[in-house]
Each structure stands twice: as C-alpha cells, then as structure tokens.
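First the structure, in the form of structure tokens, and then the observations on it.
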Amino acid sequence: MDIATIGGLILGFVLIVWGILQGSNIGAFIDVGSVIIVIGGAFAALFVSYPLPQVLTFGSVGSKSFQNAPFEVGKIIEKVIELANVARREGLLALEEAVSEIKDDFLQKGVMLIVDGTDPELVKNILETEVANIEDRHGTNKGMFENMGSLFPAFGMVGTLIGLVAMLQNLSDPSAIGPAMAVALLTTFYGSLFANLIFNPIATKLDYKSKNEMLVKQVMIEGLLSIQAGENPRIIEEKLKAFLPPKMRKSIGTQEAEENNG
Amino acid sequence: MDIATIGGLILGFVLIVWGILQGSNIGAFIDVGSVIIVIGGAFAALFVSYPLPQVLTFGSVGSKSFQNAPFEVGKIIEKVIELANVARREGLLALEEAVSEIKDDFLQKGVMLIVDGTDPELVKNILETEVANIEDRHGTNKGMFENMGSLFPAFGMVGTLIGLVAMLQNLSDPSAIGPAMAVALLTTFYGSLFANLIFNPIATKLDYKSKNEMLVKQVMIEGLLSIQAGENPRIIEEKLKAFLPPKMRKSIGTQEAEENNG
Amino acid sequence: MDIATIGGLILGFVLIVWGILQGSNIGAFIDVGSVIIVIGGAFAALFVSYPLPQVLTFGSVGSKSFQNAPFEVGKIIEKVIELANVARREGLLALEEAVSEIKDDFLQKGVMLIVDGTDPELVKNILETEVANIEDRHGTNKGMFENMGSLFPAFGMVGTLIGLVAMLQNLSDPSAIGPAMAVALLTTFYGSLFANLIFNPIATKLDYKSKNEMLVKQVMIEGLLSIQAGENPRIIEEKLKAFLPPKMRKSIGTQEAEENNG
Amino acid sequence: MDIATIGGLILGFVLIVWGILQGSNIGAFIDVGSVIIVIGGAFAALFVSYPLPQVLTFGSVGSKSFQNAPFEVGKIIEKVIELANVARREGLLALEEAVSEIKDDFLQKGVMLIVDGTDPELVKNILETEVANIEDRHGTNKGMFENMGSLFPAFGMVGTLIGLVAMLQNLSDPSAIGPAMAVALLTTFYGSLFANLIFNPIATKLDYKSKNEMLVKQVMIEGLLSIQAGENPRIIEEKLKAFLPPKMRKSIGTQEAEENNG
Amino acid sequence: MDIATIGGLILGFVLIVWGILQGSNIGAFIDVGSVIIVIGGAFAALFVSYPLPQVLTFGSVGSKSFQNAPFEVGKIIEKVIELANVARREGLLALEEAVSEIKDDFLQKGVMLIVDGTDPELVKNILETEVANIEDRHGTNKGMFENMGSLFPAFGMVGTLIGLVAMLQNLSDPSAIGPAMAVALLTTFYGSLFANLIFNPIATKLDYKSKNEMLVKQVMIEGLLSIQAGENPRIIEEKLKAFLPPKMRKSIGTQEAEENNG
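Protein chains in written order, with my numbering: chain S, 227 to 488; chain G, 227 to 488; chain B, 227 to 488; chain L, 227 to 488; chain X, 227 to 488.
Have a look at this one:
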C-alpha cells in the first residue's frame with residue numbers, strides 16, 4: 227500500500243472541505259448536475275481518445291498508484307549476485323533449481339533463457355524488446371491520466387460556460403445572479419481540483435513507478451548478461467551498485483537491506 | 227467499428243445537452259452565426275496550414291478513429307510463426323504459395339521480397355524505410371487534428387471578441403447586455419467543446435492507433451528477417467512474444483487468441 | 227500557386243467580416259491606432275529577435291507558403307530511375323549529358339559529383355551536410371512565423387492593457403466606458419485573429435513543405451548513392467517506392483503520374 | 227552557502243512587502259486559512275505524486291539550492307592532472323597513496339578501480355552507469371520542485387474559486403463583496419508568488435547545479451580513462467581544458483585558480 | 227553593432243508611447259512602485275534561479291544580442307581553404323606562420339594542434355568537446371533570458387493582485403476604484419511589454435547567434451580535419467560550401483564575399 231497516495235488524497239480533500247467550511251457550507255459546493263457534466267464529459271472524451279480495451283484498464287492502472295513497488299532495486303541486486311555466485315560455483319545449469327524461488331517473472335524468464343543455453347545476443351534482444359514494450363505501454367497508461375488532467379479543467383470550463391450563458395439570458399431577477407454564477411463556477415472548481423489533486427499527481431506517480439521498474443529491469447538485464455558471460459560475482463556487484471545512490475550501496479550483500487524504496 | 231469513439235461522442239453530447247436543459251433550453255445554445263464563425267474560421271486556418279490534397283484527407287483520416295485496427299498484434303505473431311514453420315519445413319520458396327493468403331499488404335510485400343531472394347540488408351532497408359515514412363504520414367495526419375484542437379478554442383475566442391466589441395459599442399439598452407453577452411460566449415463554448423470532445427481526443431486516438439500499427443509492423447519486420455535468416459520457429463516465437471504484454475502471450479500458438487485488441 | 231493558402235485566408239477574412247456584420251459594422255472593428263500597435267509591436271519584437279538579413283527574408287519566406295512544391299516526390303523517383311537506367315546501360319559518365327535536363331539543383335549537383343568520380347563516402351557526406359543545413363535554415367524560417375504567432379496575441383494584450391488603463395483613469399463619463407473598452411479589446415481581437423488565421427497556419431505550412439522537401443532530398447540521396455554503387459534500376463525503384471504511400475506507387479514508371487502533391 | 231539563493235529570496239519578499247505597504251497593510255495580505263489551502267493542497271498533491279521516501283527528501287533536495295557546489299571544475303582538472311603526473315612518474319599503483327587525499331567520492335572510486343587493475347571498458351561502464359543514474363535522480367528531484375511550481379498556482383486558483391463561490395452565494399450585503407473578493411484573491415496571490423519566487427527558481431537552480439555536477443563528473447571520467455590509458459599529462463590537460471570556458475583555462479596549472487564557480 | 231536589436235527596441239517603445247498618447251498621457255503609465263515590483267521581483271527570482279557568477283554575466287550576455295557576429299561563415303570558409311592551400315603546397319608545418327594572422331581563437335587553436343602533430347582523433351575529440359561545452363554555456367545564457375521572459379509576466383500578475391486586493395479592501399470611495407485598478411494593471415502591462423519586447427526576443431536572438439557560431443565552429447572542425455588528412459583544397463571547398471545556402475556559395479573564392487551575415 228502506497229500510503230503517500232492515500233494520505234495525500236485524504237489530506238487534500240480534508241483541507242478543501244475545511245477551507246469551504248471557513249466561509250460557507252459543503253452543500254453550497256455540491257451540485258450533482260455539475261459533477262455529472264465534468265466527470266461525464268471527461269470520461270466521454272476519454273472514450274473518444276482511447277479504444278475500449280485501453281479505457282477499461284483505467285481503474286487497474288490507477289490502482290497501481292496506490293501500490294508499493296513489488297521489488298526494490300536493492301533486493302534485486304542481492305538476488306542477482308546470489309544467482310551469480312551459484313552460477314560461478316556450480317555452473318549455469320545449476321540456476322535451473324534457483325528459478326522456482328525467483329518471484330519476479332522477468333528475472334525468472336531471463337534465467338530460463340540462460341539455462342536453456344540461448345545465444346547471449348538473443349537473450350539481450352528478447353529482454354530489451356520486452357522492456358521497451360513495457361515502457362511504451364506504461365507511457366500509454368500514464369498518458370490516460372495526463373489526458374484526464376487536461377480534460378477535467380476543460381470540461382469544468384465548458385460547464386461554467388453553460389451556466390454563464392443560461393444566467394446571462396435571464397438577468398431579470400438580480401438576486402438570482404450571484405447564486406447562478408456560483409453554481410456556474412462549481413464545474414471549474416471541480417475540474418481544477420480533480421485535475422490537480424487526483425489526475426496529474428497520479429500521472430506523475432505512475433511515471434515515477436514506471437521509471438523505477440525500468441531501473442529494476444535494467445539492473446536485471448545487466449546482471450543476467452554478466453552471469454551468462456561468466457563474470458566474477460564481485461565485479462557484477464560493482465557494476466550493479468553503480469545503479470544505486472551511494473547510501474543504499476552499503477547494505478547490499480548484508481541482511482540489513484530493509485529500507486523500503488516504496 | 228470502434229464503439230468507444232462513437233459511444234464517447236454520443237455520451238459527451240447527450241451529457242452536454244442534459245446539462246444545458248438543467249437551467250436553460252437548447253435553443254439558447256444554438257446560434258448559426260456563431261457556429262459558422264468557429265467551424266468556418268478553424269477550417270479556413272486549416273486550409274492555410276496544409277496543402278489542399280492533405281486537407282482533403284481530413285475526413286478519411288478522421289474516420290480511422292471510428293474503425294478498429296484491422297489486425298491485432300497477437301494474430302500477426304501467429305501468422306508469422308506459421309510462415310516460419312512453412313519456411314523451415316519446405317524452404318523459403320514454399321512461402322510463395324502462402325503469400326496469397328496474407329491479408330496485410332506490408333507482410334505480403336515482405337514475404338515476396340524474401341521469396342525473390344532479395345539481400346537481407348536490402349529487405350530490412352526497404353521495410354524500415356516504408357515504416358518510417360508511414361509513421362511520418364501518420365504524424366502529419368494526427369497533426370491536423372491537434373491543430374484543430376487549438377484552432378477551435380482560438381476562433382471561439384475570436385468570435386467572443388467580435389460579440390463583446392459589438393455589445394460594448396451599444397450599451398444604451400441595459401436589458402440587451404445579458405443576452406448579447408450570452409451569444410458572445412457561445413463561440414467560446416463551441417470552440418472549447420469541439421476541441422475537447424472531438425478534435426483533441428481524435429488526435430489522441432489516431433496516435434494510439436498509429437503506435438499500435440507501428441508495433442505490428444515492427445513485429446512483422448523482426449519476424450520476416452528471422453524467417454529469412456532461417457531461425458528456429460520456436461526462437462522466433464520467443465522473440466515476437468517479447469512485444470506482447472504477458473497476459474496476451476499465453477494464447478499465442480493456440481486457437482483461442484480471440485481477445486479484441488481494438 | 228498553393229490555392230489552399232490563398233483560399234483559406236480569403237475564406238477566413240470573409241467569414242470574420244460576415245460575423246462582424248451580423249451584429250455590428252466593419253467601421254467599429256477598424257481602429258488604425260490599434261492596428262499600428264499590434265502589427266508594429268510584433269514586427270519591432272521580430273527585429274529584436276533576429277538579425278536584419280534574416281528579418282528581411284520574412285516576405286520571401288512567407289511567400290513560399292503560397293507556392294506549390296516545385297517537384298513532387300513521385301516525379302523525382304521517376305527521374306532517378308531514368309538516370310539509373312542510363313547509368314546501367316551506358317555507364318556513369320553517360321549521366322553527364324543528362325545533367326542539363328535536370329531542373330533540380332540538388333539532384334544536378336549530386337549527378338555531377340558522381341560523374342566527376344567523387345568518392346562515394348564524400349558524395350554522401352556533401353549531400354547530407356547540405357540537407358542538414360537546409361533543414362536548419364528552414365527551421366529558423368519557420369521559427370520567425372511561430373514567433374509572430376505568439377507575438378501578435380502578446381502585443382494584442384499589451385494594446386488592450388493600454389486601452390484599459392486609459393479608460394479606468396477617466397471613468398467620469400459612464401457612457402464612454404463601453405466604447406472605450408470596445409476599442410481596447412480590438413488589439414486583442416487583431417492579435418488573436420492574425421496569429422490564428424495567418425502566422426501559426428503559415429508556420430505549419432512551411433513546416434509541411436520543408437518536410438516534403440526533405441523527403442524529396444532523401445529520395446535523391448538514396449537514389450544517387452544507389453546509382454553510384456551500380457545497383458539494379460529495379461531494386462532502386464523498389465527502394466525509392468518505399469518512401470511513397472501505397473496508392474502513389476502504382477503510377478511510378480508509367481506516364482500517368484500526374485497527381486498533384488503540391 | 228549560495229548567497230544568490232538567500233539574497234534573492236530576501237530581496238523578493240522585501241520588495242513584495244514594500245509593494246503591499248505602498249497602498250495597503252501587511253495584515254490585509256495575511257489570511258491563515260488561505261495559506262493553509264494553498265500550501266496544504268500543494269503538499270497533499272505532492273504526496274499523491276511521489277512515494278513517501280521521495281517526498282521526505284523534499285527538504286534536503288531544496289537545501290541543495292542554498293549550498294555552493296563542493297568542487298569547482300577548475301580544481302578538479304588540476305587534481306586530475308596531478309594524479310596523471312603521479313601515474314606517469316611512479317606508475318598506476320602509486321595512485322593508491324594519493325587516494326586518501328581525494329575528497330570527492332566519485333573520483334576516489336574511479337582511482338581505486340584503476341589501482342585495482344580493472345579492465346578499462348569496465349571502469350568506463352561502471353562510472354558512466356553511475357553518472358547516468360545520478361542524472362536520473364537529479365531529474366526526479368528537480369521534477370518535485372517543478373511540480374510544486376505548477377501545483378501552487380493551481381491550488382491558488384482552487385482557493386480563489388472557493389472564496390468566489392462562497393461570496394456569490396451571499397450577495398445580500400454589498401459592502402462585504404469587496405473584502406470577500408480580496409480574501410478570495412489572496413490564494414491566487416500566494417500561489418503565484420510562491421511558484422515564481424521560490425519553487426520554479428529553485429527548480430532552475432537545481433538543474434543548473436546538476437548540469438555543473440555532471441560536467442565535473444564527465445571531466446573526471448575523461449581524465450581517469452586517460453590516466454589509465456597512460457596518456458601524457460600535457461595531452462590530458464589539453465583535453466580537459468576543452469571543457470572550460472577560455473578565460474578559466476589560464477589559471478589551470480598555477481596556484482591562482484581561486485575564482486569561485488559556485 | 228546589430229542595428230536590428232537597437233532599432234527594434236526603439237521602434238517598439240516609440241510605438242507603445244505613441245499608442246499611449248492616443249488616449250492618455252505618459253504620466254498615467256509611469257508608476258515607480260509598479261516598476262520596482264516587476265523588475266525587482268523578476269531579478270530577485272533570477273538570483274534564486276542561478277548562482278551569483280552566472281547572474282553577474284546577465285549584462286554581458288545580453289549585450290551580445292547588440293553585437294554582430296565577429297566572423298561570418300563565408301569568410302571562415304575562405305580562410306580555411308587558404309590554409310588548406312598553404313598546407314598542400316608547403317606542408318602542415320608551414321601553417322605555423324599563418325597562425326598569427328588568424329583572428330579566431332578556436333581556429334588558431336585547431337591549427338596549432340595540427341602543427342604540433344597531434345593525433346587526428348585527439349584533435350577531433352578536443353575541438354568537439356570544446357564546441358559541445360560552448361553550446362551548453364550558450365544554452366544556459368539563453369535560459370536566463372527565457373526565464374526572465376516568463377518571470378516578468380508572473381511578477382506583473384503578482385503586482386496586479388497586490389493592487390486589486392488593496393483596492394477591494396477599500397471600496398468606500400467609488401471614484402477611486404477606476405484609478406486604483408488602472409495602477410494595478412500597470413504591473414501586468416510592464417511585465418507583458420518587457421517580456422515580449424525585450425527578454426523573449428533577446429533569448430531568440432541569442433539562440434540565433436549561438437546556432438550561427440556553432441555552424442562556424444562546425445565548418446572549422448570539418449576544414450581542420452580535412453587539412454590534417456591532406457585532402458585536396460578543391461574537395462575541402464566542395465565540402466564546406468555544403469554548409470552554405472546556395473546563393474552565398476558563388477562568392478567564395480573571390481574577393482567579393484562582402485555580404486554581411488550579421
């Protein structure tokens with residue numbers, strides 16, 4: 227569970243509610259019609275923007291921003307070094323037994339390719355193709371949220387224009403102007419709030435998590451190719467540690483690598 | 227038929243109409259002059275932006291966002307593996323018979339080049355040149371819709387300025403100000419709505435479909451070059467599956483690869 | 227003559243005039259002082275932005291968006307294949323006679339380099355350097371129009387601010403407020419209209435034409451190097467057709483390649 | 227201490243306070259609720275945007291913009307040349323003694339790799355991987371401040387919308403409208419001021435410092451590889467000076483290289 | 227002297243003053259407090275954005291946009307060909323005498339490297355490293371002016387918000403509202419005018435001049451490496467002319483290459 231995502235959303239909404247209560251009441255800021263126009267309009271545009279199967283991933287993609295990364299890079303480096311030691315001592319075929327203990331599918335697949343005696347150039351080609359395609363798919367997924375981050379303010383403005391036009395065509399009752407304009411502004415308020423508290427930040431977090439996953443995959447590829455090339459585990463460790471920030475390097479190789487990279 | 231595009235457009239317009247009916251009537255939001263200024267102005271600028279033959283493709287390019295992708299990548303991988311098996315068993319020349327069954331022109335052309343005994347380097351050069359040029363043309367096509375996505379709000383604002391200037395020069399009748407301003411805002415409303423519900427989303431969908439097509443083409447090139455190099459069909463399968471998301475890989479090689487990648 | 231550019235500009239201005247006449251009169255939208263501030267201010271900033279010799283090309287660069295491309299890629303491919311056939315049959319030196327019939331300077335220069343027996347690596351180096359520098363100059367030229375596309379709205383806003391400040395400092399006559407504000411808005415109107423109907427679209431068209439020219443040049447380089455390498459004209463045709471969209475390929479090699487790519 | 231950062235912040239706030247005092251009083255510009263909405267909202271969105279461990283670095287990352295660069299590139303070049311001379315005269319192993327005097331961890335690590343007789347290709351690989359990963363982490367860090375630079379104005383606008391809606395729903399007391407609107411505008415004021423005086427400038431400074439650090443690291447790598455290759459110290463000096471602006475080159479090799487690059 | 231920069235600035239300010247005099251007086255547009263907030267605020271933020279030594283170059287960097295390029299590319303090509311002829315006739319060492327006549331430091335350094343018999347690969351490495359670092363420094367310099375181009379409007383808006391809040395808190399005297407709002411708008415006016423007439427255009431001109439200088443340097447490197455390789459001066463001329471637009475090529479090699487590229 228990524229507590230920052232949930233905590234941030236709760237904190238944000240509590241603050242906004244608190245801010246509203248300073249000078250008004252919550253009821254004045256809830257208008258079902260306005261909510262429908264902004265959310266409905268933005269999702270309608272999302273359907274035009276992406277094919278149905280992609281749109282249907284919206285929820286599961288978004289939920290990734292609430293999950294912690296399954297593997298942190300420090301642990302993966304330790305695992306790769308462990309595999310390198312096995313391969314060094316007992317040969318590449320000995321890795322077959324270790325495969326079942328590997329929890330990451332990508333690393334497991336890479337080890338299988340090595341055990342099968344696949345040509346190193348082909349191992350590299352397959353693993354890098356896979357990473358490039360994962361990165362592309364992540365980019366598309368993030369793109370949905372970035373799109374929502376600009377569609378929400380846009381439909382907020384569309385809703386406000388609808389409210390303003392309706393109000394301006396009927397100015398006979400001056401006392402109705404204020405409340406009508408207040409309602410008209412609500413869609414802009416919703417659009418701006420949802421874009422800046424939910425969609426844009428989630429797009430940023432998906433990007434962060436994707437980059438972290440790409441780093442982990444890069445470490446795996448570098449490690450796997452080094453293992454296949456029969457390099458010294460100490461040298462592999464040196465190579466892989468270069469991917470880490472200095473203060474995370476010390477714990478590698480010990481059992482204390484417990485810090486959460488979240 | 228890409229039901230998301232049509233469904234999204236219908237949903238969007240129904241919601242907007244519903245929103246209008248909450249506080250006003252449809253008649254108040256229809257002003258033929260405003261429609262003409264926004265749509266006419268944006269298309270006039272489109273003519274200045276692109277040569278006539280390119281502008282004339284506007285409709286057919288846009289219609290692509292209503293169509294499903296003709297081939298999904300999973301099926302193409304199966305087809306390539308099938309061809310690889312034929313080539314493996316019966317030699318490259320045996321592919322000639324298979325050519326007529328291939329529905330995709332690009333794959334067909336690639337197989338023909340192999341059957342003709344074209345130099346591998348030249349096959350690669352020709353196919354990659356073609357893909358790069360398709361990508362460029364897609365980029366230009368998408369660019370037209372992105373341009374419309376910024377021209378519509380721009381001419382919406384131009385229309386509103388025309389309305390405001392006309393209104394401000396004749397403030398003698400206070401009761402006319404509201405309705406005049408309402409009409410002035412309509413062009414901004416049209417510009418914003420059309421840009422955000424139609425043109426920008428269609429540009430996004432064209433981009434999505436183009437990337438998907440490029441992926442399919444990349445798989446074909448990789449597969450064709452592997453077939454020509456006489457690689458083992460199992461290895462080709464492994465290579466091509468790396469282009470797919472994990473959950474789509476399982477169905478390859480079976481007859482159950484029915485999921486729509488649309 | 228690029229009729230789309232002229233037609234689009236005429237259509238755009240006719241529509242705007244028509245829109246103005248719906249609720250006002252042309253006189254109300256013409257204010258010489260406002261025109262001078264917007265156009266003068268934007269050109270003043272253009273002088274600060276570019277050296278004089280570059281600014282002096284503004285007219286001739288802009289006029290390119292009114293001209294058709296001198297050569298379309300289909301014709302160039304035919305010409306290159308024709309040259310390839312001559313070279314194949316009669317040797318590279320026989321191209322010397324063909325040089326005078328080539329209307330494009332770049333292609334002519336390339337053929338001359340081949341006839342002179344220049345080293346293939348050097349031919350490639352010279353032609354690619356030239357293309358890269360043409361592309362850079364096109365980018366700068368287009369940049370002038372993009373700059374104007376943002377300077378016009380900017381000086382439109384500066385003009386409106388001047389008008390608003392003047393108006394606000396003298397509110398004693400309420401009946402003068404409306405007309406004064408109308409005049410203040412005119413500069414924003416001019417800035418927005420000229421940017422979106424003239425400068426941004428012309429920048430887009432220059433970009434389109436530049437890309438098209440780069441494609442033609444790329445085809446020429448590919449063709450020239452193939453001719454010099456003594457490749458089979460049929461293979462050269464195959465290579466160069468990969469630059470074309472499928473439906474334009476059929477006419478190559480026949481005399482019916484008349485479609486206007488302009 | 228980077229006095230420009232502190233000086234700029236102090237100067238900026240003093241100027242703003244002075245500006246306020248010209249026509250109003252400070253009390254009118256302080257509204258605790260508004261401060262909480264803007265700062266709280268932006269930080270809430272920051273939590274949604276980044277995982278907790280990354281958000282927790284916010285303070286230490288920001289504080290880097292208040293520190294001078296620990297090493298300036300001129301001094302590093304002198305140090306590398308000194309090491310090159312040692313290696314030239316006494317052999318690569320003699321560098322071991324010099325290691326303890328090197329204050330920069332990266333340079334120290336590089337020298338250790340050389341002393342250990344690591345393969346030059348591997349030294350390059352390790353050092354470049356490390357630099358690429360430092361650059362990525364710097365990019366993420368800078369991204370947090372850039373995000374804040376757009377979140378602050380966004381929540382400023384959200385706050386203003388809350389204030390406007392509250393005000394518009396209760397227009398019965400005309401004398402309250404002005405002050406209510408003044409308070410509503412305060413959040414926009416805070417958002418705009420903090421973004422443009424604090425967050426965007428700090429993001430720019432972090433970017434500047436990161437580029438400077440990357441330059442230093444590039445010089446170190448170039449120098450280390452040249453030392454390992456046994457190149458002449460005079461040639462190494464020539465190579466490394468090419469990284470410097472001309473006027474900084476003269477002092478290299480003398481004891482007068484005191485100018486502060488901070 | 228780059229007369230376009232000075233002429234553009236004078237023309238721009240004269241036009242703005244003329245525009246102001248159409249409906250108001252200069253005094254109404256001068257408010258010392260507003261000037262201080264906008265200029266002071268933007269420079270304060272510039273200090274936060276860059277280290278002191280970089281900020282201190284602001285004036286000298288800006289003054290470059292008032293100077294003509296010291297060397298035009300046509301003359302440099304002639305000089306390089308002259309050197310090539312000397313080297314061809316009298317050997318590389320004969321270039322030593324020519325060094326003192328070369329006014330450009332970079333070209334001089336390159337010739338010295340050749341005369342010293344430096345390895346061609348190293349000459350290329352040193353010269354390209356220097357050019358890459360000059361380009362980076364130019365980018366940072368231009369970045370300062372681009373930053374100012376966005377900081378000025380930002381602090382213009384901050385100033386306007388200060389004025390509006392002050393005005394709204396004291397609406398008791400209706401006749402004071404107009405003038406107070408006029409003054410509040412002045413900061414937006416200053417910010418917008420200075421950004422669009424001074425800072426953004428100067429950033430564009432610095433970029434133009436930097437690209438031109440990079441072109442000159444590229445020509446020098448290409449020429450120097452060709453001279454060192456002992457290539458035929460006629461071939462070098464052919465190679466270098468490819469960097470020029472066609473109409474500038476004819477004058478090369480004659481004494482009439484007088485056109486000012488500045």
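Glycine residues also receive a C-beta, built at the ideal position from the N, C-alpha and C atoms.
Linking G336(X) to G456(X) through their CA atoms gives a straight-line distance of about 15 Å.
With three or more CB-CB distances shorter than 8 Å, the region 356-376 of chain B counts as touching the region 464-481 of chain X.
When DSSP states are grouped into helix, strand and coil, A392(S) belongs to the helix group. Comparing alpha carbon positions, the residue from K290(B), K465(B), L441(B) and V261(B) closest to A429(B) is K290(B). Here DSSP, grouped into helix, strand and coil, assigns P296(S) to coil.
Think of a sphere of 8 Å around the beta carbon of Y276(X): the chain L residues whose beta carbon falls inside it are A230, T430, K431 and Y434, in chain order. One Cα belongs to L390(B), the other to D257(B), and the distance between them is close to 15 Å.
In the three-state scheme derived from DSSP, where H, G and I count as helix and E and B as strand, A455(L) is classed as coil. Within 10 angstroms of the beta-carbon of I252(L) lie fewer than 16 other beta-carbons, which makes it exposed. Any Cβ of chain G closer than 8 Å to the Cβ of F381(B) would place that residue at the interface, and such an atom is absent. Considering only beta carbons, the part of the region 394-424 of chain S lying closer than 7 Å to chain G consists of L394, Q395 and L397, in chain order. Under the DSSP assignment, I262(S) falls in the alpha helix (DSSP H) whose first and last residues are V258 to S275. For the region 244-273 of chain G, the set of residues with a beta-carbon nearer than 8 Å to any beta-carbon of chain S comprises W244, G245, I246, Q248, G249, S250, A254 and F255, in chain order. Spatial neighbours of Y276(G) in its own chain (CB-CB distance under 7 Å, excluding positions within 5 residues in sequence) are listed in chain order as M370.
Note on geometry: alpha-carbon atoms of G382(X) and T413(X) lie some 4 Å from one another. Residue environment: I229(B) is assigned as exposed (fewer than 16 neighbouring CB atoms within 10 Å of its CB, all protein chains considered). Non-local C-beta neighbours of H364(G) in its own chain, meaning closer than 6 Å and more than five positions away in sequence, comprise S436, ordered along the chain. Cβ-Cβ distances below 7 Å link V299(L) to L441, V442, V445, F469, L470 and N487 in the same chain, with the five nearest sequence neighbours on each side left out; the list follows chain order.
It is roughly 56 Å from the alpha-carbon of I262(G) to the alpha-carbon of S286(L). Within chain B, the residues placing a beta-carbon under 9 Å from that of K465(X) are L348, N351, I352 and T355, ordered along the chain.
Shown here, S326(B) sits in coil according to DSSP, grouped into three states, outside any helix or strand. In this structure L411(X) is not in contact with V349(X), their Cβ atoms being roughly 59 Å apart against a cut-off of 8 Å. Taking a Cβ-Cβ threshold of 8 Å, the residues of chain X close to I242(L) are I263, G267, V384 and I388, in chain order. By the beta-carbon neighbour count (other beta carbons within 10 angstroms, threshold 16), L247(S) is exposed.
By the CB criterion at 8 Å, I352(X) and K465(L) fall inside the cutoff. In the structure shown, D433(X) falls within a helical segment according to DSSP collapsed to helix, strand and coil. Straight-line spacing of the CA atoms in Q454(L) and S477(L) works out to 25 Å. Boundaries for G317(B): no alpha helix (DSSP H) harbours it, and the DSSP string shows neither H nor E there.
For V264(B), same chain residues with a beta-carbon under 8 Å away, outside a window of 5 residues either side, are F378, F381, G382, G385, T413, Y416, G417 and F420 in chain order.
Those residues of the region 290-322 of chain B placed with their C-beta closer than 9 Å to a C-beta in chain X do not exist. In this structure, L333(L) sits away from L321(L), with a CB-CB distance that is not shorter than 8 Å. Taking 8 Å as the upper bound for CB-CB distance, V281(G) and F292(G) are not in contact here, some 19 Å apart.
Using a Cβ-Cβ cut-off of 8 Å, G238(B) counts as an interface residue toward chain G, since at least one Cβ of chain G sits closer than that to its own. Take the alpha-carbon of V325(L) and the one of I303(L): they are about 16 Å apart. One finds Y434 and K437 in chain L with Cβ atoms closer than 9 Å to the Cβ of T366(X), taken in chain order.
The alpha carbon of I461(L) has as its nearest neighbour, out of D345(X), F255(X), L237(X) and T231(X), the alpha carbon of D345(X).
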